[in-house]
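Report on the structure given below.
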Amino acid sequence: MKNKDKATTALQVGTKLMKARIAKNLSRREVSDEIGVPETTYAGWENDVSYPKLPYLVPLAKILQINVLGLIDPEWRITIIEPSSIDDEKPITLLDENARNVYLKMIESQRWYCRYLENENRDLTMENSRLEKELTLSKSNINPIS
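Under the UniProt record's numbering, the first residue of the sequence shown is numbered 1, with each subsequent residue one higher.
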């Protein structure tokens, strides 16, 4: 990839990060604190001075609620045409090793988040049940004034 192309990619990523952050009404400090990088590092990403490293892509996508593939450097993608898709003339994009690792981390992260939500749901269901019982007991202990 030429330097100009990399600058264009960085610009696109920086712009995506900034637009998503502003849309979520978050400050740079809030985003940087959430993902564990200095605010100056995050500002560098938004200002196209640098590019986020792989471990930060999934957390960024989660916080900003954007598609992580939009943050992946196009240099990591390889486009091929499989024999089965020649009739359709639809190229299939395969990911190289770096992008594959990002994808696997995304899957792992999503699985962890699903487990977290399932546990949270279980805990809230139990708390709700406890509160309903407490409310029922409270109602039965109230004597109406005649």
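Ideal Cβ placement from N, Cα and C applies to all residues, glycine included.
Query, Result
"Exposure of Val58, with buried meaning 16 or more beta-carbon neighbours within 10 Å", "buried"
"Classification of Tyr42 by the beta-carbon crowding that lies within 10 angstroms, buried from 16 upward", "buried"
"Straight-line Cα distance separating Glu127 from Ile142", "23 Å"
"The region 23-32 touching the region 63-70, judged by at least three CB pairs closer than 8 Å", "yes"
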